[in-house]
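Let me begin by presenting the structure, written as structure tokens, before commenting on it.
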Amino acid sequence: MTMSAGWYLRRLSRMGPQEVAGRAGDTVRRRRWRTAPPHCPPAAGGRFTAVLPAGALAAVPADAVKRLVAEADRLMDGHAEFFGVVRDDLADPDWWRDPKTGRRAPAGYAFDVPYRDEEAVGDIKQIWEPSRHQYLTVLAAAYALTGDERYAERVAGHLRSWWAANPPLEGVHWISGIELGIRLLSWVWVRRLLDGWPGAAGLFEDNPVALKQIWHHQRWLAAFPSRGSSANNHVIAEAAGQFAAACAFDWFASSPRWRTAALRSLERHLRANTFPSGLNRELATEYHGLVLELGLAAVAEADAAAVPVPTTVRLVLLRMTDALAAVVDNRLRPPRQGDADDGHGLVLDGAGTDRWGSLLATGEAVFGRLAWWPAVTGGDVRTPLLAALLRPYGKDGTVRRPAARPGHFADAGLTVLRGPEEIWCRCDGGPHGFLSIAAHAHADALSVEVRHDGVDVLADPGTFCYHGEPEWRRYFRSTLGHNTLQLDDADQSVSGGPFLWTRHARTRVLAADTSGEVARWCAEHDGYQDAVHRRRVELTAASRELRITDEVSGPRRAVRLAFHLGPAIGADLTGNRAELRWTRDGEDRSAVLDLPAELSWRAHRGESDPPLGWYSPGFGRKEPATTLVGTGFADGARGFTTVLGFHG
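Right, dumping it as structure tokens:
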């Protein structure tokens, strides 16, 4: 996907003067570095001291070790999967090749590589993901826990291969700051986990090639931070990676300066990216997880190096953890809201480890568990290792925390209605997104997401892709692609590109009562000209019934009302009634969806021209699912009522 002149003008219009000036300075610096790249000063005699405390590895549960070793052995055999693409070439990877398209990114000065153009480069996410080196942290963890030197030798071989293929400022892996930041964090943990291996020092601190790479990564991040309207999760990854490296790899004259600047940036942007309630301002749940992982990992490095951290940093991370505990369903699944690209800050576990349970387990170890938190069962590798480095905070009761489980987050506009424990409903009445471009937002105002015992019944379809497939990108971000109402075939907010919204629908919550026998929510938005869409949702515990009422003020308008069913849900649509059925843990479940009779209803499944009836379980993957769409007209005289009744 290449960007047009119009896109650049639209993008420029969303920037302030300070951001424009900063980006102009970046452009000048990139041109200067083409002919006169910064020179890495000599660094010798450094030692790695940020090791794991004694007993940390022994605290890892046996089941977690078993999962980790199984994953490490698959990696040793060359097998991996990134964004739905199964690979068998990871024993000796080509760092610039996209296995999805077969294309290989062009060589040359990094800032000349047209990384958004799939025809020229391939799928950039497929190329970048292995080079975050998080599969190497898995192999390094397997060495640390088993002592099997095969894992350490494979890590060393791949790092040397990557460093040789990707000299500073050359090629596709020197374009994006988030990639450099996460890669640095991976290298810190690789060095820590390989500490018992005889070749560890020769791979890192006694290796001039490694020293040059580490220095140039940090110099790049100091020169080109994400700015202004782009200061979302990217800038946190950049700051966390640089701070971690400046703490653990403090072998350079610039290390103290980089450490101070990175910590200042991390503190500022963690606060800016997080609502006071603890939810992430991007309103994209996967990025809540990414930012929380990055923040915890960064503070772990500070505590390991005895570097003081502002209390505000720990407080934001505690609030993020409490917010996560509040919004998950009874199976520890958080909302599927906004963009999701399966990005992780620190990976130390094998397949099958629950990400959200792991984060809550770490929160329990570091911050202490509140009485209303959901129970977390099972164990992971990352929690005991992070907890061994992190200083406890908030366990002594001196930090004010929610006394009961919050159901309504007024600043984020997110409300969770709960009936009997297995019925969970998220209502979206929040801001369109974060900062002027709202990069990771979807046009989903007033959408609902409903689950029964962790199974998606009325589902948020997800994300699927970022680059290369614009039609699919538009669909998964669209109003029609969510459980809400569309007028005149238009989106509520106006897109100016794959990560750019030029007009944002404004939403306000009118009522939210998550307690009592009947939980209620009401909100409205102004995304359509000359009309206001208002939605009321009521969840009655006794009858196990969810009632949704949509009203549209203003002149007569064409309407489409969509309800996306989860991929596990079978549906028989007769007129305006859909009989729903699914299986959970071997038990048959069912529900009835009574749809507004004023609309004409049709079921769609797996359609591609145009896209409709899809569910994306993860980035790069999609599967057919049933979407029920009602068409008709709204004249302001009456509303549309939908009733979802769960059988006992």
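According to this note's numbering, numbering within the sequence shown proceeds without interruption in unit steps and concludes at 649.
Cβ atoms here follow ideal geometry from the backbone N, Cα and C, with glycine treated the same way.
Since the model is a prediction, treat every value here as computed from it, not as a measurement.
Do the stretch 328-341 and the stretch 60-68 touch if we need at least three Cβ pairs shorter than 8 Å?
no
Grouping DSSP H, G and I as helix and E and B as strand, with all else coil, what is H526?
strand
Does the Cβ-Cβ distance between H565 and L391 come in under 8 Å?
no
Let me know the secondary structure DSSP gives V122 once reduced to three states.
helix
Neighbourhood of Y651 by C-beta distance below 8 Å, restricted to the same chain and skipping five residues each side
Outside the displayed range of the chain (2 to 649) lies residue 651, so it cannot be described from this structure.
Minimum C-alpha distance to S601 - residue among L333, L629, L291:
L629
Tell me whether K101 sits in a helix, a strand or coil according to DSSP, three-state version.
coil
In chain order, each beta strand (DSSP E) run of at least 3 residues that lies wholly inside the stretch 303-339:
none
Is the distance from the Cβ of G296 to the Cβ of V314 below 8 Å?
yes
Using the three-state DSSP reduction, which class does T575 fall into: helix, strand or coil?
strand
Segment contact, 8 Å Cβ cut-off, at least three pairs: the stretch 399-419 with the stretch 215-223:
no
Backbone CA spacing between R603 and G631 [nearest angstrom]
7 Å
Under the three-state DSSP convention, the category C466 falls into:
coil
Outcome for L511 when other beta-carbon atoms lying within 10 angstroms are tallied against a minimum of 16
exposed
Closest residue to L230 among R12, L222, L481 (Cα-Cα distance)
A quick correction: the sequence has Ser, not Leu, at residue 230. Considering only alpha carbons, the answer is R12.
Less than 8 Å between the beta carbons of G364 and L186, yes or no?
no
Check A542 in the structure and name its three-state DSSP category.
coil
Report back the beta-carbon spacing between A51 and A303 to the nearest angstrom; my notes put them in contact at under 8 Å.
With a Cβ gap of about 10 Å, A51 and A303 do not count as contacting.
Under 8 Å by Cβ, that's how I've got R536 and I424 pegged, so tell me the actual separation to the nearest angstrom.
18 Å between Cβ atoms; not a contact.
So, L447 versus D429, is the Cβ gap smaller than 8 Å?
yes
Looking only at C-alpha atoms, which of T627, P556, R606 sits nearest to A635?
P556
Residues that DSSP places opposite W583 in a beta bridge:
R590
Whose C-alpha, out of I570, P385, P625, R548, is nearest the C-alpha of P597?
R548
Neighbourhood of H648 by C-beta, 7 Å cutoff - its chain only, sequence neighbours within 5 removed:
S591, A592
Can you name the start and end residues of the beta strand (DSSP E) that W425 belongs to?
424-429
Would you kindly check if the distance between the Cβ of D461 and the Cβ of R332 is under 8 Å?
no
Could you check if G103 is buried or exposed, using at least 16 other CB atoms within 10 Å of its CB as the buried criterion?
exposed
When you compare the CB positions of G571 and H505, do they come within less than 8 Å of one another, or not?
no
Spatial neighbours of V443 within its chain, please: C-beta separation below 6 Å, excluding the five flanking residues on both sides.
Rather than Val, the amino acid found at residue 443 in this sequence is His. G339, R478, listed in sequence order.
Buried or exposed for S266, please, with buried defined as at least 16 other CB atoms from any protein chain shown within 10 angstroms of its CB.
buried
Where A285 falls, given that 16 or more other Cβ within 10 Å makes a residue buried:
buried
Considering Q487, what are the terminal residues of the beta strand (DSSP E) in which it resides?
486-488
Tell me which same chain residues have a C-beta within less than 8 Å of the C-beta of D149, skipping the five on either side of it?
A143
Would you call the stretch 116-134 and the stretch 173-185 touching, i.e. three or more CB-CB distances under 8 Å?
yes
Taking DSSP's pairing of strands, which residues face W615 in a bridge?
P625
Excluding the 5 residues flanking E130 on each side, which residues of the same chain have their C-beta closer than 8 Å to its C-beta?
F83, F84
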